[in-house]
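Q: Numbering (this note's numbering), first residue to last: 4 to 91. Backbone N, C-alpha and C fix where the C-beta goes; we use that ideal spot for every residue, glycine too. Bear in mind the structure is a predicted one, so any value in this text is a computation, not a measurement. Got a structure for you, questions after.
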């Protein structure tokens, strides 16, 4: 499973503090097919001082590296990282 953009694409790697981003979760099944599992996923920010998650919306708070995971049925994705720059 992977954390993606809301549409299943790649997450941006750099954003500014104050930005919000809709997250998605994509599962890869044993037969090699992929499917979006966003509605079943629980997203978690690993450092809530840099970014918070409400539902599937990630809010970037301050400069640093936001790290996010998605969990579905006790399976947790690899950590996705977004570099957060200070707001202009």
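Starting from residue 71 and walking both ways along the beta strand (DSSP E), at which residues does that stretch end?
A: Start at 1 with the first residue of the chain shown, and residue 71 comes out as number 68. Note, residue 71: beta strand (DSSP E), 67-75.
Q: Whole angstroms are fine: how far does the CA of residue 34 sit from the CA of residue 69?
A: For the purposes of this step, residue 69 is identified with residue 66 of the chain shown, where counting begins at 1. For the purposes of this step, residue 34 is identified with residue 31 of the chain shown, where counting begins at 1. Between residue 69 and residue 34, the C-alpha separation is close to 32 Å.
Q: Using a 10 Å radius around the Cβ and a threshold of 16 neighbouring Cβ atoms, would you call residue 77 buried or exposed?
A: As a position in the chain shown, residue 77 is number 74, starting the count at 1. Residue 77 should be labelled exposed.
Q: Determine the closest residue to residue 48 out of 8, 91, 4, 73, with distance taken between C-alpha atoms.
A: For the purposes of this step, residue 48 is taken as residue 45 along the chain shown, with counting starting at 1. Comparing Cα positions, the closest option is 73.
Q: Rounded to the nearest angstrom, how far is the Cβ of residue 26 from that of residue 71, given a contact under 8 Å?
A: Here residue 26 refers to the residue found at position 23 of the chain shown. Here residue 71 refers to the residue found at position 68 of the chain shown. Confirmed, Cβ separation roughly 7 Å.
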